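Working notes for the structure below.
Residue numbers (this note's numbering): 13 to 184.
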């Protein structure tokens, strides 16, 4: 059962009425949308069975569940979405144009460097570390990605949490 609160509503004749409101109705969980999801969503249907399954799952999730979250992207998602085939880039950008943009700050870049040095991430995964750092420093509840090698990997997630907490404590 979710958390709830009583909201006061002014009634007539000076009588106050209260209504039970679920916190989930007030604030949606935050979600950082990484570029791979947008790519699967907008790509032409694949003949590869695994990729086609990922595309279908992405479409189903987008249609059924996206509205449950407050969705954010970063400047890096915009950069990555603009790359490649012009028509495909336009489709990607169309899907994300209304999402709020999180900045890639010097703090994000510094945390990404910490991730690269201390997590089993190769140097070439710097952009993946940026995605992780943006989501972490902006307090996102979730990261949605198809990148299971460098972002959704269990060991990477655990190490990110530990490193982010230690970085915050050292900065205090």
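C-beta atoms are modelled at their ideal positions from N, C-alpha and C, and glycine is treated no differently.
Since this is a predicted model, take the numbers as computed values, not measurements.
Listed as beta-bridge partners of residue 84 by DSSP are 44. Where residue 154 is concerned, the enclosing beta strand (DSSP E) starts and stops at 154-156. Between residue 80 and residue 74, the alpha-carbon positions lie close to 10 angstroms from each other. Ranking 61, 109, 94, 82 by CA distance to the CA of residue 39 puts 82 first. Counting only the Cα atoms, residue 49 lies some 12 angstroms from residue 105. Taking all protein chains in view, the Cβ of residue 143 is crowded by 16 or more other Cβ atoms within 10 Å, so the residue is classified as buried.
Residue 124 and residue 86 have their C-alpha atoms roughly 14 angstroms apart.
Between the alpha carbons of residue 130 and residue 42 lies a gap of roughly 26 angstroms. Residue environment: residue 68 is assigned as exposed (fewer than 16 neighbouring CB atoms within 10 Å of its CB, all protein chains considered).
Proximity to residue 122 across 59, 148, 101, 112 peaks at 148, based on C-alpha coordinates.
Distance check between residue 101 and each of 47, 158, 154 places 47 closest, using alpha-carbon atoms only.
Looking at 53, 108, 107, the one whose alpha-carbon comes closest to that of residue 72 is 53.
Here the C-alpha atom of residue 93 lies approximately 21 angstroms from the C-alpha atom of residue 150. Under the DSSP assignment, residue 148 falls in the alpha helix (DSSP H) whose first and last residues are 138-149.
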